[in-house]
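Residues 2 to 132, numbered by my numbering, are exactly what the sequence shown covers, in order.
All C-beta atoms, glycine included, are put in the ideal place defined by N, C-alpha and C.
Okay, so here's the structure we're looking at.
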Amino acid sequence: MAEERTRVDFNAPTSLVERADSVVEILDISRTRLLIDALEDELEELATNEEFRRRLSDAYYDGRIDYDTVESVLGREEALRMKLLRESIDRAPPEPQLEDGLPSDDAFYDDDLPEWTDSQSSESSDDESHA
């Protein structure tokens, strides 16, 4: 099955078109093939460029571009990672909820509040009494 094609028409500097025409003549390929190959190479290079990836992720997280755009540029695996991260960022953390509220101090400690005693000072006083 042939890939769907879209006709693209654009203006370019004459000197650039002349250079491209020289290259296609030497390589014995069409101008279209040269432009498609150059565009594919540039897109692959951009996909590994950290600055571009940061800008792409910013645009995705800000909602300026959609998941399909990220997938078409970076591939499915990387797009899924970004989608999962975005979903985790968008989620509010759960807040624990107590059904009956906090217990009173008396109920929590069952009316027996422990008292702190310095075990070292009581041991040292025992040692002194045996001396």
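(message) Let's test the definition: count the other Cβ atoms within 10 Å of the Cβ of residue 44 and tell me whether it reaches 16, buried, or not, exposed.
(response) exposed
(request) Kindly indicate which residue of 18, 90 and 34 has the alpha-carbon position closest to the one of residue 64. (result) 90
(request) Return yes when the Cβ of residue 75 is within less than 9 angstroms of the Cβ of residue 92, no when it is not. (result) Contact flag unset, no.
(message) Once DSSP output is grouped into helix, strand and coil, what is the label at residue 140?
(response) Residue 140 cannot be examined here, being either before or after the span of the chain that is shown, 2 to 132.
(request) Count the other CB atoms, across all protein chains shown, that sit within 10 Å of the CB of residue 18; report buried if there are 16 or more and exposed otherwise. (result) exposed
(request) Kindly indicate which three-state DSSP category residue 31 falls into: helix, strand or coil? (result) coil
(request) Note down, one range per segment and in chain order, each alpha helix (DSSP H) of at least 4 residues found wholly within the stretch 51-95. (result) 51-62, 68-75 and 77-91
(request) Using three-state DSSP, classify residue 15 as helix, strand or coil. (result) helix
(request) Compare the C-alpha of residue 62 against each of 9, 86 and 106 and name the closest. (result) 86
(request) Could you check how far apart the C-beta atoms of residue 25 and residue 31 are, in whole angstroms? I think they sit under 8 angstroms. (result) The C-beta separation of residue 25 from residue 31 comes to about 6 angstroms, placing the pair in contact by the 8 angstroms criterion.
(message) Mapping the DSSP letters down to three states, classify residue 3 as helix, strand or coil.
(response) coil
(request) Could you tell me how far apart the beta carbons of residue 60 and residue 72 are, in whole angstroms, since I believe they sit closer than 8 angstroms? (result) Incorrect: roughly 14 angstroms between the Cβ atoms, too far for contact.
(message) Just verifying my parser: in three-state terms, what is the DSSP assignment at residue 41?
(response) helix
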